[in-house]
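**Q** Quick one: structure below, then a few questions.
There are 2 protein chains.
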Amino acid sequence: MKPRLFTPGPTPVPEETLLELAKPVTYHRSSEAKAILGEVTEDLKYVFQTAQPVFTLTCSGTGGMEAAVSNTLAAGEKAILCTAGRWGERWRGVLKAFAANIVAVEVPYGQAVTPEMLENALKANPDAKVVFSTLSETSTGVGHDLEGYGKVVAKTDALLAVDGISGVGAMECRMDAWGLDIVVTGSQKALMMPPGLAFISLSEKAWKKVDATPVRSFYLDVRRYKKSLAESDTPFTPGNTLIKAQRASLKRIRAEGIENLWARHNRIAAACRAGVQAMGLKLFAERPNSALTVIKVPEGVDGSGTLKTLEKKYGYKWADGQDAMKGQIWRLSHMGYTDAFDVLGALSALELVLSEAGFKLEVGAGVAAFQKAYAAGK
Amino acid sequence: MKPRLFTPGPTPVPEETLLELAKPVTYHRSSEAKAILGEVTEDLKYVFQTAQPVFTLTCSGTGGMEAAVSNTLAAGEKAILCTAGRWGERWRGVLKAFAANIVAVEVPYGQAVTPEMLENALKANPDAKVVFSTLSETSTGVGHDLEGYGKVVAKTDALLAVDGISGVGAMECRMDAWGLDIVVTGSQKALMMPPGLAFISLSEKAWKKVDATPVRSFYLDVRRYKKSLAESDTPFTPGNTLIKAQRASLKRIRAEGIENLWARHNRIAAACRAGVQAMGLKLFAERPNSALTVIKVPEGVDGSGTLKTLEKKYGYKWADGQDAMKGQIWRLSHMGYTDAFDVLGALSALELVLSEAGFKLEVGAGVAAFQKAYAAGK
Numbered sequence: 256m257k258p259r260l261f262t263p264g265p266t267p268v269p270e271e272t273l274l275e276l277a278k279p280v281t282y283h284r285s286s287e288a289k290a291i292l293g294e295v296t297e298d299l300k301y302v303f304q305t306a307q308p309v310f311t312l313t314c315s316g317t318g319g320m321e322a323a324v325s326n327t328l329a330a331g332e333k334a335i336l337c338t339a340g341r342w343g344e345r346w347r348g349v350l351k352a353f354a355a356n357i358v359a360v361e362v363p364y365g366q367a368v369t370p371e372m373l374e375n376a377l378k379a380n381p382d383a384k385v386v387f388s389t390l391s392e393t394s395t396g397v398g399h400d401l402e403g404y405g406k407v408v409a410k411t412d413a414l415l416a417v418d419g420i421s422g423v424g425a426m427e428c429r430m431d432a433w434g435l436d437i438v439v440t441g442s443q444k445a446l447m448m449p450p451g452l453a454f455i456s457l458s459e460k461a462w463k464k465v466d467a468t469p470v471r472s473f474y475l476d477v478r479r480y481k482k483s484l485a486e487s488d489t490p491f492t493p494g495n496t497l498i499k500a501q502r503a504s505l506k507r508i509r510a511e512g513i514e515n516l517w518a519r520h521n522r523i524a525a526a527c528r529a530g531v532q533a534m535g536l537k538l539f540a541e542r543p544n545s546a547l548t549v550i551k552v553p554e555g556v557d558g559s560g561t562l563k564t565l566e567k568k569y570g571y572k573w574a575d576g577q578d579a580m581k582g583q584i585w586r587l588s589h590m591g592y593t594d595a596f597d598v599l600g601a602l603s604a605l606e607l608v609l610s611e612a613g614f615k616l617e618v619g620a621g622v623a624a625f626q627k628a629y630a631a632g633k
Numbered sequence: 256m257k258p259r260l261f262t263p264g265p266t267p268v269p270e271e272t273l274l275e276l277a278k279p280v281t282y283h284r285s286s287e288a289k290a291i292l293g294e295v296t297e298d299l300k301y302v303f304q305t306a307q308p309v310f311t312l313t314c315s316g317t318g319g320m321e322a323a324v325s326n327t328l329a330a331g332e333k334a335i336l337c338t339a340g341r342w343g344e345r346w347r348g349v350l351k352a353f354a355a356n357i358v359a360v361e362v363p364y365g366q367a368v369t370p371e372m373l374e375n376a377l378k379a380n381p382d383a384k385v386v387f388s389t390l391s392e393t394s395t396g397v398g399h400d401l402e403g404y405g406k407v408v409a410k411t412d413a414l415l416a417v418d419g420i421s422g423v424g425a426m427e428c429r430m431d432a433w434g435l436d437i438v439v440t441g442s443q444k445a446l447m448m449p450p451g452l453a454f455i456s457l458s459e460k461a462w463k464k465v466d467a468t469p470v471r472s473f474y475l476d477v478r479r480y481k482k483s484l485a486e487s488d489t490p491f492t493p494g495n496t497l498i499k500a501q502r503a504s505l506k507r508i509r510a511e512g513i514e515n516l517w518a519r520h521n522r523i524a525a526a527c528r529a530g531v532q533a534m535g536l537k538l539f540a541e542r543p544n545s546a547l548t549v550i551k552v553p554e555g556v557d558g559s560g561t562l563k564t565l566e567k568k569y570g571y572k573w574a575d576g577q578d579a580m581k582g583q584i585w586r587l588s589h590m591g592y593t594d595a596f597d598v599l600g601a602l603s604a605l606e607l608v609l610s611e612a613g614f615k616l617e618v619g620a621g622v623a624a625f626q627k628a629y630a631a632g633k
């Protein structure tokens, strides 16, 4: 049986990237290492759609989120938290650890926080320093209107911080044009890499707040990364083999073109939704994003058991719901190094498992609908 | 030309470990992933010589040091900093970021902080909460008497935190038997891995202080790692491909046996010192450790230029001094996946370069002395 990874992080990694990781380790302070970091930084600026430097942190995405919080908020300062799921709650966890005064704009799982809700919160809290938001709420499949957020936040003195961990590279996200002040992402999602690196970029407006905020971390102090990156270097021993491998995946992204990449994800996501619905299944997210498709487990079906069978019998590794959502939803990633044929196979496997379990569906309807929608897309 | 890495981190990585990194990425919340983390944790306990759990953090060694500081010190609490070089100064940087009240026990580069000095500082500062120390001061080649530190700190209420980043696995270090309360290390030194992971373990005495200390980080909060590790899991997406690779290197360490590993490093280090001195060169560290050999650049020799020639002409990558020490010393690592024959080659290359540059030495004396000392060792 052939194992296939469809979890919304980690995602499949191209062979040329994996092979980079198998090469002998080299010194991280050489001119060659600096040149590699320079290339990676330029390619990340392209992916982020920003003219600002993008810093490479050796940590998980959550470490990147902590950098966003610890560098911009003094203890007790007010933060607006837009939360629509588990990853909004991750922001809350970090904010609590840093003693922020949290004003939450909260919606139930499956729904999206709208720019109007955020605008109202900003009006009610003119002393809010930073808004924390989630581009792709991977726990529910919701995508947020960051362009809309950017417009309402730009009218205020607050900063807009974005967890783009499973969104950047999978869905349209234009840091500079949309007025996003802080964008964080991780290597193991749409950037086609194993986990271990996080990336963060800050607007000029954000730097002003950083410079006025007391130091609250050493390892995640963005001032240190800024100073080092000016010499194409890192302040601490970086995960340099990961950086070399990231370069390979970024070259692939650059060759495809960021707008083509977004279009590919949109086209696959739309086809996937059509396929899912043709199988008689319902989507979970009211505003689905293109990084993943999240399906409601139908009444009477064992959600977690179905995923176990999918993996055991056909090798397809989907993701279950997290925490209270376990068994309630199925999550299928189509991020990064995943194409239409991969996703078609994943739907085929789900059709087979559901049909074998006695769930009523027309075998073939799902894959045909996927194919039809994909062919009609562009 | 054949490139050979002798920097004191990163160090060479065994082929079987590198090949793990080239395997397809898998999901980090599977039972297989948990079993791997369980194995790695057990092997790390063996390497640390502790019965306490060892936590795997996805970050550089400095991130591990920050975990030691942020989890044990409230702002303004007193810390005794033992500093004998750049890595002692790294502790100082982290301590400053966390607003510690720092009492420094400082010696010039090349010298060691003795247990007596520490004892005096503890007597003068009975309110000190934590002592921060360095097992292998890689910037100078000094090794510290952690067994001696352990004895004096055990008599007090203070904790003993050890930066073991380039020491653990290269020189004797017994966390439990020596009374070390916090030990931190990184993957890219004697543990034969690329950079990207840090490891930390805490004694019961340390946990009591942690539980009484306000939360100052989310990503590096050791309570979260403790809770997750009880289920053989990690709180945040870990560098799971690195963890799999670390398992391979730990198996190698386990097969060799930790005491054999220490003995191997000691034997190579002693032979290396003999070789260096037979070349008419002087050692820099007054209390040299077995992780690396640090040599004073002789009068009239271009220190940095010699290293450039070594690399360009013979492929040997040694490390220069850092910051103010640049050009003053040469640093040769013999940590991890490096054996006597590797180090013999490195000395041979240095002899050739020095001789070619007109430095007066008897060609062959260095390698012969190395060989003789190595043969006499055990």
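Those sequence lines, one after another, are chains E and X. Under the numbering used here, the first residue of the first sequence is numbered 256, with each subsequent residue one higher. Under the numbering used here, the first residue of the second sequence is numbered 256, with each subsequent residue one higher. We put the beta carbon where it would ideally sit given N, CA and C, even for glycine.
Would you call the CB atoms of Val324 of chain X and Ala339 of chain X closer than 8 angstroms?
**A** The answer is no: Cβ separation not under 8 angstroms.
**Q** Taking buried to mean at least 16 other C-beta atoms within 10 Å of its own C-beta, is Arg478 of chain X buried or exposed?
**A** Exposed, because fewer than 16 other Cβ atoms sit within 10 Å of the Cβ of Arg478 of chain X.
**Q** Which partner residues of Asn356 of chain E appear in the DSSP bridge assignment?
**A** DSSP lists E:Lys333 as partners of Asn356 of chain E.
**Q** Strictly by DSSP, which residues pair up with Glu361 of chain X?
**A** Looking at the DSSP assignment, Glu361 of chain X forms a beta bridge with X:Thr338.
**Q** Please list the partners that Pro265 of chain E has in chain X, where partner means a Cβ-to-Cβ separation under 9 angstroms.
**A** Ordered by position in chain X, the residues that pass the 9 angstroms Cβ test against Pro265 of chain E are Val280, Thr281, Tyr282, His283, Thr492, Asn495, Thr496.
**Q** List the residues of chain E that Asp647 of chain X touches, going by C-beta distances under 8 angstroms, in chain order.
**A** Here chain X comprises residues numbered 256 to 633, so residue 647 of chain X is not present and cannot be evaluated.
**Q** Along chain X, in chain order, which residues have C-beta atoms closer than 7 angstroms to that of Pro553 of chain E?
**A** Per Cβ cutoff of 7 angstroms: no residues; Pro553 of chain E is ~24 angstroms from chain X at best.
**Q** Ignoring anything shorter than 3 residues, give me the beta strand (DSSP E) runs that lie fully in the stretch 377 to 425 of chain E, in order along the chain.
**A** List check, beta strand (DSSP E) in window: 385 to 389, 414 to 418.
**Q** Output needed for Ala367 of chain E: all residues of its chain with C-beta closer than 7 angstroms, excluding positions within five of it in sequence on either side, in chain order.
**A** Taken in chain order, the residues that qualify are Ala339, Val397, His399, Glu541, Arg542.
**Q** Counting only beta-carbon atoms, is Lys572 of chain E nearer than 8 angstroms to chain X?
**A** Yes, because at least one Cβ of chain X sits closer than 8 angstroms to the Cβ of Lys572 of chain E.
**Q** Tell me, please, which residues DSSP counts as bridged to Asp575 of chain E.
**A** According to DSSP, which records beta bridges pairwise, Asp575 of chain E is partnered with E:Trp585.
**Q** State buried or exposed for Leu274 of chain X, treating a residue as buried only when at least 16 other CB atoms are found within 10 Å of its CB.
**A** Leu274 of chain X is exposed by the Cβ-count criterion.
**Q** In the stretch 451 to 538 of chain E, which residue ranges form an unbroken alpha helix (DSSP H) of at least 4 residues, counting only runs that do not cross its ends?
**A** Segments of the alpha helix (DSSP H) lying fully in the stretch 451 to 538 of chain E: 459 to 466, 477 to 484, 495 to 511, 513 to 533.
**Q** Can you give the Cα-Cα distance for Gly634 of chain E and Asp557 of chain E, rounded to whole angstroms?
**A** Residue 634 of chain E is absent from the model: chain E starts at 256 and stops at 633.
**Q** Below 8 angstroms on the Cβ atoms is my contact criterion, and I expect Pro449 of chain X with Val268 of chain X to pass it. Report the Cβ-Cβ distance as a whole number of Å.
**A** Right, their Cβ atoms sit about 6 angstroms apart.
**Q** Within 8 angstroms of any Cβ in chain X, is that where the Cβ of Ser315 of chain E sits?
**A** Closer than 8 angstroms: yes.
**Q** Could you pull out every unbroken beta strand (DSSP E) segment of at least 3 residues lying fully inside the stretch 276 to 312 of chain X, listed in chain order?
**A** Segments of the beta strand (DSSP E) lying fully in the stretch 276 to 312 of chain X: there are none.
**Q** Spatial neighbours of Val385 of chain X within its chain, please: CB distance less than 7 angstroms, with the 5 preceding and 5 following residues excluded, ordered by chain position.
**A** Closer than 7 angstroms at Cβ, skipping near neighbours: Thr327, Leu328, Ala334, Ala413, Leu414, Ala416.
**Q** Could you say which of X:Glu297, X:Gly451, X:Ser388, X:Tyr474 lies nearest to Gly422 of chain X if we only look at CA atoms?
**A** When only C-alpha atoms are compared, the closest one is X:Ser388.
**Q** With 8 angstroms as the threshold, decide whether the Cβ of Ser559 of chain X is near any Cβ in chain E.
**A** No, its Cβ sits nowhere closer than 8 angstroms to a Cβ of chain E.
**Q** So if DSSP puts Lys551 of chain X in a beta bridge, which residue, or which two residues, is it bridged to?
**A** X:Lys537, X:Ile584.
**Q** Does DSSP put Thr266 of chain X in a helix, a strand or coil?
**A** In this structure, Thr266 of chain X counts as coil in the three-state DSSP scheme.
**Q** For Pro279 of chain X, which residues of its own chain have a beta-carbon under 6 angstroms away from its beta-carbon, when the five flanking residues on both sides are left out?
**A** Here the set comprises nothing.
**Q** For Ala376 of chain E and Val360 of chain E, I'd like the C-alpha separation in whole angstroms.
**A** About 7 angstroms.
**Q** Along the chain, where does the beta strand (DSSP E) containing Gly441 of chain X start, and where does it finish?
**A** Gly441 of chain X -> beta strand (DSSP E) spans 437 to 441.
**Q** Per the DSSP calculation, Leu260 of chain X is bridged to which residue(s)?
**A** Paired residues: X:Lys572.
**Q** Three Cβ pairs or more, each shorter than 8 angstroms: is that satisfied between the stretch 350 to 359 of chain E and the stretch 481 to 497 of chain E?
**A** No contact exists between the stretch 350 to 359 of chain E and the stretch 481 to 497 of chain E.
**Q** So if I threshold CB-CB distances at 9 angstroms, which residues from the stretch 454 to 470 of chain E count as touching chain X?
**A** Residues Pro469, Val470.
**Q** Along chain E, in chain order, which residues have C-beta atoms closer than 7 angstroms to that of Thr262 of chain X?
**A** Within 7 angstroms Cβ-Cβ: Tyr282.
**Q** Closer than 9 angstroms by beta-carbon distance: list the chain X residues that pair up with Glu321 of chain E, in chain order.
**A** The contacting residues are Ser472, Phe473, Tyr474, Leu475.
**Q** Quick check: is any heavy atom of the ligand SAH less than 7 angstroms from the C-beta of Thr489 of chain E?
**A** Absent from the structure shown: the ligand SAH. Ligands present: none.
**Q** When DSSP builds the beta bridges, which residues end up paired with Pro543 of chain E?
**A** BP columns for Pro543 of chain E point to E:Val397.
**Q** Going by C-alpha distance, which of E:Gln626, E:Val470, E:Glu617, E:Leu299 is nearest Leu505 of chain E?
**A** If we check each option's Cα against that of Leu505 of chain E, E:Leu299 comes out closest.
**Q** Could you give the distance in angstroms between the alpha-carbon of Ala425 of chain X and the alpha-carbon of Ala546 of chain X?
**A** The alpha-carbon atoms of Ala425 of chain X and Ala546 of chain X are separated by roughly 5 angstroms.
**Q** For Thr492 of chain E, collect the residues of the same chain with a Cβ closer than 7 angstroms to its Cβ; drop the 5 residues on either side in sequence, then sort them by chain order.
**A** Around Thr492 of chain E: His283.
**Q** Just the C-alpha distance for Leu607 of chain X and Met534 of chain X, rounded to the nearest angstrom, thanks.
**A** The straight-line gap from Cα to Cα measures roughly 11 angstroms.
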